[in-house]
Ligand code: CP
Ligand code: NVA
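Residue numbers (our numbering): 33 to 332.
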């Protein structure tokens, strides 16, 4: 049987996504040991830094009875030129699933093609689907189903923004993206989302009556050398209390973290009563437990 992978949100059906969101909240409430992944091993290959993704996957596997093996590319034969295709074929004969965090999305697609076991995208330049599972779980827990709601994305049309575009399609919400000219998300993704997604350059229009306001760093990992140029281009795209006041009175604020206070979000908003960023970060653990249970037990 071919393995199920989770490379983007489009790899699951809307029904499966809603199931995982519900299951994540169930697993969060669960008391006592629950070890459906006993003796299962998750391989983790990270080309980029991580706090939340790495720790949540490692903690999730231990708590579900399994284990992880973390591989920084420089510590493996990948860095000495062993082809990715060979690594995928070898690793997937030894472990039960693999999480990859890579510079290029094409790398996880190629790895998955050669893998016998489920491959999970732990962030690429194109998308960050695991973060969206946690974001959606957090919204559902605080406000109920997101179907028909308005979400404002303020800032870079980056990997997170692109996963929000897919979430809008899969969970049927309106997404208003405001980004500086030249920093738009992939045009093909926008087109596929149809009328659910609006794209312009006006943070106020995006925030207006939104039920959820989301942002992310102006320079993602790998774009550090563009920091100065981006800081100029993104002026006016900071989520401040004034901007948040335009949203619905009970609007939530989310950020995948790490955050840069005073750049994409003010400290007042990040630490304020509408911010649910700490629940959002915690839910990485629960959402990924639901994902691991779904992918790693279905195959056996
Ligand atoms: N939000 C997120 O993915 O954080 P890390 O880069 O710390 O994993
Ligand atoms: N857009 C950010 C997300 C970090 C979790 C990055 O890719 O660095």
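In this text, a Cβ means the ideal position worked out from N, Cα and C, and glycines have one as well.
Just the Cα atoms here: how many angstroms apart are residue i and residue j?
i	j	result
residue 309	residue 119	36 angstroms
residue 100	residue 93	7 angstroms
residue 77	residue 110	10 angstroms
residue 215	residue 189	6 angstroms
residue 330	residue 98	15 angstroms
residue 60	residue 172	13 angstroms
residue 107	residue 123	15 angstroms
residue 396	residue 243	Because the chain here runs from 33 to 332, residue 396 falls outside it and cannot be looked at.
residue 401	residue 257	Beyond the ends of the chain as shown, which are 33 and 332, falls residue 401; an answer cannot be given.
residue 228	residue 57	27 angstroms
residue 209	residue 96	37 angstroms
residue 177	residue 283	14 angstroms
residue 141	residue 79	15 angstroms
residue 260	residue 74	38 angstroms
residue 170	residue 135	27 angstroms
residue 277	residue 187	17 angstroms
residue 196	residue 321	21 angstroms
residue 306	residue 121	46 angstroms
residue 275	residue 262	20 angstroms
residue 157	residue 218	11 angstroms
residue 288	residue 241	22 angstroms
residue 251	residue 326	33 angstroms
residue 148	residue 125	7 angstroms
residue 223	residue 63	44 angstroms
Three-state secondary structure (DSSP) at residue i?
i	result
residue 174	helix
residue 332	At residue 332 the pLDDT is 44, less than 50, meaning the model places this residue with poor confidence and gives no usable figure here.
residue 60	helix
residue 226	helix
residue 191	helix
residue 71	coil
residue 318	helix
residue 310	helix
residue 293	strand
residue 102	strand
residue 76	strand
residue 112	helix
residue 301	helix
Using only the heavy atoms of the ligand NVA, determine whether one of them is closer than 6 angstroms to the beta carbon of residue i.
i	result
residue 211	no
residue 218	no
residue 248	yes
residue 252	yes
residue 135	no
residue 286	no
residue 191	yes
Go to residue i, then tell me how far its alpha helix (DSSP H) extends in each direction, as first and last residue.
i	result
residue 286	Where residue 286 is concerned, there is no enclosing alpha helix (DSSP H), although the beta strand (DSSP E) it sits in stretches over 284-287.
residue 231	Not the alpha helix (DSSP H): residue 231 falls in the beta strand (DSSP E), residues 229-232.
residue 265	259-265
residue 119	116-123
residue 236	235-239
residue 275	273-276
Under the assumption that residue i contacts residue j (Cβ atoms under 8 angstroms), give the Cβ distance between them as a whole number of angstroms.
i	j	result
residue 296	residue 270	6 angstroms
residue 154	residue 133	4 angstroms
residue 46	residue 328	Wrong, their Cβ atoms sit about 22 angstroms apart, outside the cutoff.
residue 239	residue 84	Not a contact, Cβ separation roughly 26 angstroms.
residue 279	residue 245	5 angstroms
residue 179	residue 319	Residue 179 to residue 319, Cβ: 18 angstroms. No contact.
residue 248	residue 192	5 angstroms
residue 266	residue 213	With a Cβ gap of about 11 angstroms, residue 266 and residue 213 do not count as contacting.
residue 144	residue 39	6 angstroms
Consider the C-beta atom of residue i and the heavy atoms of the ligand CP; say whether any pair is separated by less than 6 angstroms.
i	result
residue 289	yes
residue 85	yes
residue 82	yes
Return the first residue and the last residue of the beta strand (DSSP E) that residue i is part of.
i	result
residue 39	From DSSP, residue 39 is part of no beta strand (DSSP E); its letter is neither H nor E.
residue 84	Premise fails: residue 84 lies in the alpha helix (DSSP H), 84-95, not in any beta strand (DSSP E).
residue 139	Taken as a continuous stretch (DSSP letters only), residue 139 belongs to no beta strand (DSSP E), being part of the alpha helix (DSSP H) at 137-146.
residue 155	Element bounds for residue 155: n/a, residue is neither H nor E.
residue 210	206-210
residue 246	244-247
residue 129	129-133
residue 184	182-186
I'd like to confirm something about residue i: is its beta-carbon nearer than 6 angstroms to some heavy atom of the ligand MN, or not?
i	result
residue 155	Absent from the structure shown: the ligand MN. Ligands present: the ligand CP and the ligand NVA.
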